[in-house]
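Asker: Position one of the sequence shown corresponds to residue 0 (numbering that gives the first Met the number 0), numbered consecutively onward. In this text, a Cβ means the ideal position worked out from N, Cα and C, and glycines have one as well. Would you mind keeping the following structure in view while I ask a few things?
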Amino acid sequence: MIIENGLFDRMVICVNEKNLTDLEFSGRCETSGNVLLTVRDKNGYIIKGFKNQNAGIAKNGLFKGILKGLKAGGPYNVEVSIQDKNNEIKEKKVVKNVLAGYVWIAAGQSNMQGCGLLKDAAKPHPMVRAFYTNDRWDIAKDPIHNLWECVDDVHVDLGYVRGKRTNFITGTGPAVFFAQEMFRLTGIPQGIIACAHGGTKMLQWDPSLKHLKGKSLYGATLRRVKKNGGKVSGIIWYQGESDANENDEPLYVERMKKLVASFRKDLKDKKLPFVCVQLGRFVGNGFVATYWNSIQDKQFKLVKMIKNFSVVPAVDLSLDDIIHISGRDHRILGKRLAYAMNVLINGKKAGYEPIAPGKILLKTIPPNNWVNVILEFKNVAKEFVVPEGIRPSGFSIGDPEPGPFIYDIEVNKNTVILKTNLSSSGIEGKLLYHGYGTDPYCNIRDTHGRLIPVFGPVWLGEYRALTPMFTEWFVSFPVEIPENVDPKLNGLKFEHFGGVSWEQMKFQGRFCDLHEKISLFGDKDFIILFSRKIRIPEPMKLLACFGYDGPVKLWVDEKEIFHDPEGTNPAYEDRAKVKFELDSGEHSITIALGSNKCRVWGIYFRIERIDVSKGLIKKGIVVPMPEII
Numbered sequence: 000m001i002i003e004n005g006l007f008d009r010m011v012i013c014v015n016e017k018n019l020t021d022l023e024f025s026g027r028c029e030t031s032g033n034v035l036l037t038v039r040d041k042n043g044y045i046i047k048g049f050k051n052q053n054a055g056i057a058k059n060g061l062f063k064g065i066l067k068g069l070k071a072g073g074p075y076n077v078e079v080s081i082q083d084k085n086n087e088i089k090e091k092k093v094v095k096n097v098l099a100g101y102v103w104i105a106a107g108q109s110n111m112q113g114c115g116l117l118k119d120a121a122k123p124h125p126m127v128r129a130f131y132t133n134d135r136w137d138i139a140k141d142p143i144h145n146l147w148e149c150v151d152d153v154h155v156d157l158g159y160v161r162g163k164r165t166n167f168i169t170g171t172g173p174a175v176f177f178a179q180e181m182f183r184l185t186g187i188p189q190g191i192i193a194c195a196h197g198g199t200k201m202l203q204w205d206p207s208l209k210h211l212k213g214k215s216l217y218g219a220t221l222r223r224v225k226k227n228g229g230k231v232s233g234i235i236w237y238q239g240e241s242d243a244n245e246n247d248e249p250l251y252v253e254r255m256k257k258l259v260a261s262f263r264k265d266l267k268d269k270k271l272p273f274v275c276v277q278l279g280r281f282v283g284n285g286f287v288a289t290y291w292n293s294i295q296d297k298q299f300k301l302v303k304m305i306k307n308f309s310v311v312p313a314v315d316l317s318l319d320d321i322i323h324i325s326g327r328d329h330r331i332l333g334k335r336l337a338y339a340m341n342v343l344i345n346g347k348k349a350g351y352e353p354i355a356p357g358k359i360l361l362k363t364i365p366p367n368n369w370v371n372v373i374l375e376f377k378n379v380a381k382e383f384v385v386p387e388g389i390r391p392s393g394f395s396i397g398d399p400e401p402g403p404f405i406y407d408i409e410v411n412k413n414t415v416i417l418k419t420n421l422s423s424s425g426i427e428g429k430l431l432y433h434g435y436g437t438d439p440y441c442n443i444r445d446t447h448g449r450l451i452p453v454f455g456p457v458w459l460g461e462y463r464a465l466t467p468m469f470t471e472w473f474v475s476f477p478v479e480i481p482e483n484v485d486p487k488l489n490g491l492k493f494e495h496f497g498g499v500s501w502e503q504m505k506f507q508g509r510f511c512d513l514h515e516k517i518s519l520f521g522d523k524d525f526i527i528l529f530s531r532k533i534r535i536p537e538p539m540k541l542l543a544c545f546g547y548d549g550p551v552k553l554w555v556d557e558k559e560i561f562h563d564p565e566g567t568n569p570a571y572e573d574r575a576k577v578k579f580e581l582d583s584g585e586h587s588i589t590i591a592l593g594s595n596k597c598r599v600w601g602i603y604f605r606i607e608r609i610d611v612s613k614g615l616i617k618k619g620i621v622v623p624m625p626e627i628i
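Put into structure tokens, the structure is as follows:
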């Protein structure tokens with residue numbers, strides 16, 4: 000008798016929702032007759048109801064049976080025998096040290112495969128087992144993805160050489176920690192089917208390739224599950240780094256939805272729990288933050304798109320290299336995965352769903368009339384906590400690139416308060432992020448140690464069609480104040496600038512800051528001129544949105560459209576909004592800023608288009624805008 004599928008030494012048999020086995024097993028034999036099962040506990044005593052239980056049929060050299068109704072637990076020894084028509088036992092096989100419990104697929108790319116330092120790996124636990132990639136069950140000990148001994152050719156095709164282990168330093172992943180935490184939470188034995196492979200894209204996990212069986216990642220995963228009876232309790236997934244690019248990022252959501260749906264269909268479980276790790280950090284060059292953050296945001300939003308799906312953040316975890324979660328923090332990630340999975344399978348009594356943003360309130364605060372962004376979050380375990388003496392961090396505001404707008408962050412129960420230097424008009428149309436970039440610092444967690452997930456961009460205030468800040472200008476200074484013109488620029492006309500010389504300047508950041516150069520002139524009053532051209536593709540109604548910290552005048556095509564003689568510190572965005580209209584073609588923008596006895600620093604300037612539907616802007620439909628030339 001040779002058992003080929005379903006029953007193996009040291010395995011974990013997957014139990015159903017009632018925590019009972021329903022395992023199909025099969026193999027080859029020489030005898031025809033009845034397949035009998037006897038199950039004993041670790042002391043050799045027969046489990047009630049499992050003495051010579053009639054479990055199946057053997058004929059034509061093959062046998063199959065079902066181990067049904069065995070309670071979660073163990074270890075058990077399972078005796079499989081074949082009784083011929085004369086009621087004699089002709090063949091027998093004892094499968095030793097078997098557990099019954101939860102079985103999980105661990106899949107994705109390198110951070111699930113495990114690249115953390117092995118010195119920080121979890122200590123093995125006898126009730127947590129792994130089905131290694133050599134198709135052998137044993138106590139789970141990293142590295143569980145022993146791809147140098149793999150059965151499935153896909154791992155060889157992707158670069159591994161059978162029989163040649165080259166790395167003895169790293170190999171710790173989250174799966175063993177996850178399973179050990181699940182055992183702690185439930186008291187039920189745990190099994191992991193290791194299926195990940197580093198550096199792989201969603202395209203390489205395409206369910207359409209399952210016909211290739213062990214020559215595809217999806218096909219290999221199905222083969223390994225079916226070899227163990229065809230059932231699992233759920234899937235933990237860490238992948239997406241390789242899809243953070245301009246070609247794959249737009250397709251990520253549909254590919255993930257297809258993957259989850261296919262696993263549920265092929266494994267005959269419409270509600271199969273699926274927990275995804277949100278991308279962690281990357282330190283270095285090689286990934287564009289826009290695509291990296293978009294994958295993270297899409298992963299977060301999948302919670303609303305796919306039933307019985309959860310996501311856990313990893314962006315606050317330490318690394319053992321530029322992209323791989325450290326061995327010591329895989330312990331934290333494993334616990335987060337277990338917490339989320341336990342909630343999926345046991346409901347709200349087991350804990351909270353992923354933290355998610357709720358209401359956003361914009362509140363103007365005196366004396367500067369700057370806006371506080373008050374963020375209320377859902378699914379927070381008791382309250383947010385940040386260690387004493389540590390500044391809460393992780394949020395940014397931009398349009399779209401983050402700028403220096405948040406000067407302090409406070410947490411209060413389930414609320415985060417962002418204190419900004421933006422006026423009520425200046426914050427309109429800005430974008431809110433949590434965890435912007437590939438290497439952010441985020442540290443706001445709830446009492447269960449769960450981090451706020453990466454999310455954004457989220458619109459703040461009214462939707463606006465805005466150009467980027469003007470950060471390149473032709474500049475002239477110091478320009479002497481003409482005769483009959485005062486330091487507040489009363490009497491100043493465009494014609495006064497006929498003979499000035501211009502220098503092209505590119506400013507760092509959003510604010511055009513000249514204060515270091517201006518300060519060299521002591522307390523003198525003079526004028527700083529800024530000039531730039533724009534191209535208009537079609538007639539437009541516009542707003543000049545600018546900030547300044549001294550007396551100021553604005554001309555469009557040499558026509559004065561704004562004057563504030565009382566301009567003073569501080570400069571802040573959108574301090575003034577001035578309506579004007581332009582026909583298609585090239586036009587000039589000129590700004591005169593009074594030095595206010597060398598106390599000024601500079602200007603903010605951008606243009607808003609106001610003759611387009613806010614609905615179009617909200618939907619992300621591209622509308623023609625002024626072009627800075």
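(1) What's the call for F167, buried or exposed, on a 16-neighbour Cβ count within 10 Å?
(2) Can at least three beta-carbon pairs, one atom from the segment 70 to 84 and one from the segment 181 to 188, be found at a separation below 8 Å?
(3) With 16 other CB atoms within 10 Å as the buried threshold, where does R280 fall?
(4) In terms of alpha-carbon separation, which member of L431, K523, Y338 lies closest to H447?
(5) Does the count of Cβ pairs from the segment 22 to 30 and the segment 44 to 53 closer than 8 Å reach three?
(6) Rounded to whole angstroms, what is the Cα-Cα separation between D522 and E557?
(7) For Y290, which residues from the same chain have a beta carbon less than 6 Å from its beta carbon, with the 5 sequence-adjacent residues on both sides left out?
(8) Residues in the same chain with beta-carbon distance under 6 Å from K212, minus the five sequence neighbours each way, listed in chain order, please.
(9) In terms of alpha-carbon separation, which member of F604, E29, F394, K300 lies closest to E471?
(10) So is G428 buried or exposed if we call it buried at 16+ other beta carbons inside 10 Å?
(11) Tell me, which residues are paired with H562 by DSSP?
(12) Give, in chain order, every unbroken run of the alpha helix (DSSP H) that is at least 4 residues long and sits entirely within the segment 571 to 628.
(13) Going by Cα to Cα distance, which pick from C194, C114, D83 is closest to F104?
(14) Report yes if the CB atom of P564 is closer than 8 Å to the CB atom of L459, and no otherwise.
(15) List the residues that DSSP assigns as beta-bridge partners of F273.
(16) Can you check the segment 303 to 378 for any beta strand (DSSP E) of at least 3 residues that lies completely inside it and give the ranges in chain order?
(17) Quick one: what's got a C-beta closer than 8 Å to P206's C-beta in the same chain, skipping five residues either side?
(18) On a Cα-Cα basis, can you pick out the residue from H124, Y547, A120, T37 that is closest to V93?
(19) Taking 8 Å as the cut-off, decide whether the C-beta atoms of V410 and V372 are in contact.
(20) By Cβ distance, which residues of its chain are closer than 7 Å to P452, with the 5 residues on each side in sequence left out?
(21) Sort E479, P550, V599 by Cα distance to I675 and report the nearest one.
(22) Straight-line CA distance for K358 to M304?
(23) Please check the pair M126 and F182, which I expect to be a contact at CB under 8 Å, by giving their CB distance rounded to whole angstroms.
(24) Report the partner residues of A99 according to the DSSP bridge assignment.
(25) Taking V457 as the reference, which of L465, N246, S395 has the closest Cα?
(26) Helix, strand or coil for P206 per DSSP?
(27) Please classify Q295 as buried or exposed, where buried requires at least 16 neighbouring CB atoms within 10 angstroms.
(28) Does the distance from the C-beta atom of L541 to that of R463 stay below 8 Å?
(29) Is the Cβ-Cβ distance between R449 and A380 less than 8 Å?
Answerer: So, from the listed chains and residues:
(1) exposed
(2) yes
(3) buried
(4) Y338
(5) no
(6) 29 Å
(7) A243, N244, E248
(8) G218, R222
(9) F604
(10) buried
(11) K552
(12) 613 to 617
(13) Before going further, note that residue 104 is Ile rather than Phe in the sequence given. Selected option, being the one with the closest Cα: C194.
(14) no
(15) I234, F308
(16) 308 to 311, 355 to 364, 369 to 377
(17) Y217, K257, L258, S261, F262, D265
(18) T37
(19) no
(20) Q277, F299, V310, P312, P353, I354
(21) Residue 675 lies beyond the residue range present for the chain, which begins at 0 and ends at 628; the question has no answer from this structure.
(22) 20 Å
(23) 5 Å
(24) I12, G72
(25) S395
(26) helix
(27) buried
(28) no
(29) yes
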